[in-house]
Every structure is written in structure tokens, then in C-alpha cells.
Amino acid sequence: MIATKDIEKRLPEVEWIEDTSLRKKVIETWQRAAERGGWKNLDDVPFTLLFENSGLLTEHTRRVTKLVKTVMETREEKLNRDYLIAGALLHDVGKLMEYELKEDRTVGKSEFGKQKRHPVSGSELAKEAGLPDEVVHIIYAHSKEGDSIERSPEAI
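Numbering of the sequence shown is given in the working numbering, commencing with residue 1172 and proceeding in unit increments.
Dropping the structure here:
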């Protein structure tokens, strides 16, 4: 299992979550996803398979989380800050099960990933970890899967 300190090192924005229970569940969700996907090192997971040299998933996640925090600070409506940050940190966590590291050290779509996309698997993992429905909704709704449902203000 990937250690808590390794996740905190690669995703230091997790410390922005003030609710310690929520923060712990976010870390646990990353750990579960890595374990189920067979990942030993988060530095092996690319952001996307759509093009080469896409950067790391953790780098993308950090950029999205910083963007979400910046946008949130400019909004007038009352939004749950911790839920937004948790949702940003977890929006692509399902990619740890959608992708797999092959024997030749290349990354491809896993058999699991051919059947279920990351917004679905990520939201299921978050629910399993006991994260609030509002965070689960953000994860599920962040991609095309969310086009057919009413999104919460935090998910927009």
C-alpha cells in the first residue's frame, strides 16, 4: 500500500482540507485506488492516455485543485470549501483502476478500465471510503458522465 506520507508529499494540497476526518478519507481513497489498480508508485501514473508525455496524474490533480481554490475564492455563493478541495483531489482517482502498468513499463487501459470509466469507479471508491455524497457527486459529475444529471454548485 502507498504510505500516507507519500500521498501527502505528492498531493500537499490535501492539507488544505480543514476537516481531519475528510482529509483522512481522501488519502484512504487514493490508497485503495492504488492498491486495487496494482500501483506501487504514483509517479508511474500518467494524467491521460490520449497523448504521449501528458505528465503525471498527481501533477494534473494538483493543478486542478489549485484552480478550484482560486475560482472558489472569487465566487459569491456559499460553497463548501473542504468538499470542493476533496472533489478536486479525487476527481481522477479512478484512473488508478482504469489504467495499468504493463510488464514492459508502458501504461495502458486495464480490463477493468475497458468496462468502467474513472468518474464511475472513483465515485464508487469515495462512497466506499465514507466520503460525503456531495464529494461523491463532484467526482461522478466532473466528466461526460455528469452531463445527464443536475450538478451541484460545487460540481460545476
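Every residue, glycine too, gets a C-beta built ideally from N, C-alpha and C.
Between the alpha carbons of Ile1320 and Glu1269 lies a gap of roughly 23 Å.
Sequence-distant partners of Val1235 (beyond 5 residues in either direction) whose C-beta falls short of 7 Å from its own C-beta, in its chain, are Ala1259, His1262. DSSP links Pro1217 through a beta bridge to Leu1227. Membership of Gly1293 in any beta strand (DSSP E) is not indicated; the residue belongs instead to the alpha helix (DSSP H) covering 1289-1299. Distance between Val1185 and Tyr1311, taken at the CA atoms: about 20 Å.
DSSP places Glu1206 inside the alpha helix (DSSP H), whose first and last residues are 1191-1208.
Between Ala1300 and Glu1230, the gap from beta carbon to beta carbon reaches 9 Å or more.
The three-state secondary structure of Gly1279, taken from DSSP, is strand.
Following the DSSP letters along the chain, one finds Leu1272 inside the beta strand (DSSP E) bounded by residues 1270-1272.
CA-CA distance, Arg1194 to Arg1276, rounds to 31 Å. Sequence-distant Cβ neighbours of Ser1292 in its own chain, meaning closer than 7 Å and more than five residues away, are Gly1265, Met1268, Glu1269. In this structure, Leu1238 keeps its C-beta atom at 9 Å or more from the C-beta atom of Leu1227.
Taking each of Thr1219, Arg1203, Asp1177, Ile1173 in turn and checking the Cα distance to Lys1280, the smallest one comes out for Thr1219.
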